[in-house]
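Undergrad:
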Amino acid sequence: MNNLKTFFACFALITLAACNMENSSGSDHQDRMDLATAWVTAANTGKAEAIEMVEKNMAEGGVLAGDRYVGMGFIWNPDEAGMTVTYIIPDSPASKSLEVGDSFVEVAGVQVSDDNRNRLGFRGKPGEEIDAVVLRNGELVSVSVARGAVRQMSSKSQMLENMSEGDAEGWGPEEFNVIETSVTNDGVVWVLSWAKFTEDATGLEANAYTATRFVFNDDGKVSRVANLTEDRFVLEQQGYSITR
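Convert by adding 16 to the 1-based position in the sequence shown; the result is the number in the working numbering.
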């Protein structure tokens, strides 16, 4: 894993350095670089800092481009009993078959329970269909959902809502630093950062590099932001598809 981290860091640094070499007017974009660096730092510092950064510096029409993955594209609340759909990502496979409020009764022939709902057959290859039964408006309804490409695009208001529900005490990594910030000729800023944290599932210490890409509008506000972490980067470069 250390070799992968070194590979990712070197690649990102080479890419960032290339951006600087090609950009003879980099000083013209210094404000954007400073803001992007401050944004990433705030996001890894605390809940209040992250919320304030988004409120003040994201354009009203700005978006957070989430990770792409192969799946269904619906969200349910694990803190509630059963498995009820609380949100459906627009244009996802789930948007064609499911509705908010649908409660899964059976998935691929398996009865849904609180004990097995995290092990149901939602993972798999693109195009594979999953047959399920949901309880919708008091009636049992048979549905079929084909796995496909999903990408969550969150608006500024959605970002702020999601952050407001986050745990302030558990916010951010144990250690964090910005390694490099660079800008392209057209004003797109890249920030390479490193963080160390403890995985909730295993209790093991882990660390990762993240490249964050910022696009700005004419007023200097963030209009689009997206992250690429080293694990996804390395796997995708090797030809793997990321599924969940």
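We treat Cβ as the ideally placed atom computed from N, Cα and C, and that holds for glycine. None of these values were measured; they are calculated from a predicted model.
In angstroms with no decimal places, state the Cα-to-Cα distance between Arg-133 and Glu-196.
TA: Taking the sequence shown and counting its residues from 1, the one referred to as residue 133 is at position 117. Taking the sequence shown and counting its residues from 1, the one referred to as residue 196 is at position 180. Near 42 Å, if we compare the C-alpha coordinates of Glu-196 and Arg-133.
Undergrad: Considering Cα atoms alone, identify which of Trp-92, Gln-46, Glu-96 is closest to Ala-110.
TA: In the sequence shown, the residue the question calls residue 110 occupies position 94. Measuring from the Cα of Ala-110, the nearest candidate turns out to be Trp-92.
Undergrad: The beta strand (DSSP E) that contains Trp-210, what's its start and end?
TA: To locate residue 210, count along the sequence shown from 1; it is residue 194. Counting along the chain, the beta strand (DSSP E) containing Trp-210 begins and ends at 205-214.
Undergrad: Could you tell me if Arg-48 is buried or exposed, where buried requires 16 or more neighbouring beta carbons within 10 angstroms of its beta carbon?
TA: The residue you call residue 48 lines up with position 32 of the sequence shown. Buried, because 16 or more other Cβ atoms sit within 10 Å of the Cβ of Arg-48.
Undergrad: In three-state terms, what does DSSP make of Ala-162?
TA: Residue 162 sits at position 146 when you count from the first residue of the sequence shown. Of the three classes helix, strand and coil, the one that applies to Ala-162 here is strand, per DSSP.
Undergrad: Can you tell me the Cβ-Cβ gap for Lys-237 and Gly-82, rounded? I've got them flagged as a contact below 8 Å.
TA: For the purposes of this step, residue 237 is taken as the residue at position 221 of the sequence shown. For the purposes of this step, residue 82 is taken as the residue at position 66 of the sequence shown. The pair is not a contact, with the Cβ atoms about 20 Å apart (cut-off 8 Å).
Undergrad: Just the Cα atoms here: how many angstroms apart are Leu-244 and Arg-84?
TA: Residue 244 sits at position 228 when you count from the first residue of the sequence shown. Residue 84 sits at position 68 when you count from the first residue of the sequence shown. In a straight line, the C-alpha of Leu-244 is about 10 Å away from that of Arg-84.
Undergrad: Report the rounded CA-to-CA distance for Met-175 versus Glu-155, giving the unit in angstroms.
TA: Walking along the sequence shown from the start, residue 175 turns up at place 159. Walking along the sequence shown from the start, residue 155 turns up at place 139. Each residue's Cα considered, the two are about 34 Å apart.
Undergrad: My understanding is that Leu-136 touches Val-123, with C-beta atoms under 8 Å, so please give their C-beta distance in whole angstroms.
TA: Sequence index remark: in the sequence shown, residue 136 carries index 120 (1-based). Sequence index remark: in the sequence shown, residue 123 carries index 107 (1-based). 4 Å between Cβ atoms; contact.
Undergrad: Is DSSP giving Met-88 helix, strand or coil here?
TA: The residue you call residue 88 lines up with position 72 of the sequence shown. Correct three-state label for Met-88: coil.
Undergrad: Apart from the five residues on each side of it in sequence, which residues of its chain come closer than 8 Å, Cβ to Cβ, to Thr-100?
TA: Stepping through the sequence shown from its first residue, residue 100 is reached at position 84. So the qualifying residues of the chain are Trp-92, Asn-93, Gly-117, Asp-118, Ser-119, Phe-120.
Undergrad: Expressed to the nearest angstrom, what Euclidean distance is found between the alpha-carbon atoms of Ser-239 and Arg-139?
TA: In the sequence shown, counting from the first residue as 1, residue 239 sits at position 223. In the sequence shown, counting from the first residue as 1, residue 139 sits at position 123. Taking the straight line from one Cα to the other gives about 32 Å.
Undergrad: What's the gap between the Cα of Pro-142 and the Cα of Arg-167?
TA: Position 126 of the sequence shown, counted from the start, is the residue given in the question as residue 142. Position 151 of the sequence shown, counted from the start, is the residue given in the question as residue 167. Spanning the two alpha carbons is a distance of roughly 14 Å.
Undergrad: Between which two residues does the alpha helix (DSSP H) containing Thr-53 stretch?
TA: Reading the sequence shown from its first residue, position 37 is the one you call residue 53. Unbroken alpha helix (DSSP H) run through Thr-53: 46-59.
Undergrad: Val-159 and Ser-113 look like a contact to me (Cβ under 8 Å); what is the Cβ gap, rounded to whole Å?
TA: For the purposes of this step, residue 159 is taken as the residue at position 143 of the sequence shown. For the purposes of this step, residue 113 is taken as the residue at position 97 of the sequence shown. Confirmed, Cβ separation roughly 5 Å.
Undergrad: Confirm the yes/no value for this check: CB of Gly-236, any heavy atom of the ligand ZN, distance under 7 Å.
TA: By its list of ligands, the structure shown contains no ligand whatsoever, and the ligand ZN lies outside what it can speak to.
Undergrad: Could you check if Lys-172 is buried or exposed, using at least 16 other CB atoms within 10 Å of its CB as the buried criterion?
TA: Against the sequence shown, residue 172 aligns to sequence position 156. So Lys-172 counts as buried.
Undergrad: If I measure Cβ to Cβ from Glu-261 and keep anything under 7 Å in the same chain, skipping five residues before and after, which residues do I get?
TA: Examination of residue 261 is not possible in this model, given that the chain is present from 17 through 260 alone.
Undergrad: Are the stretch 63-74 and the stretch 180-187 in contact at 8 Å, needing three or more beta carbon pairs?
TA: Flag = yes, the stretch 63-74 and the stretch 180-187 touch.
Undergrad: Should Ser-198 go down as buried or exposed, given a rule of 16 or more other Cβ atoms within 10 Å for buried?
TA: In the sequence shown, residue 198 corresponds to position 182, counting from 1. It counts as buried.
Undergrad: Let me know the secondary structure DSSP gives Asn-178 once reduced to three states.
TA: Locating residue 178 in the sequence shown gives position 162, counting from the first residue. Here Asn-178 sits in helix by DSSP.
Undergrad: Closest to Arg-152 by CA distance: which of Thr-57, Ile-146, Ala-224, Glu-115 is it?
TA: What you label residue 152 is simply residue 136 of the sequence shown in a count that begins at 1. Out of Thr-57, Ile-146, Ala-224, Glu-115, Glu-115 has the C-alpha closest to the C-alpha of Arg-152.
Undergrad: Measuring only the C-alpha atoms, how far is Ala-165 from Ile-146?
TA: The residue you call residue 165 lines up with position 149 of the sequence shown. The residue you call residue 146 lines up with position 130 of the sequence shown. Whole-angstrom Cα-Cα distance: 15 Å.
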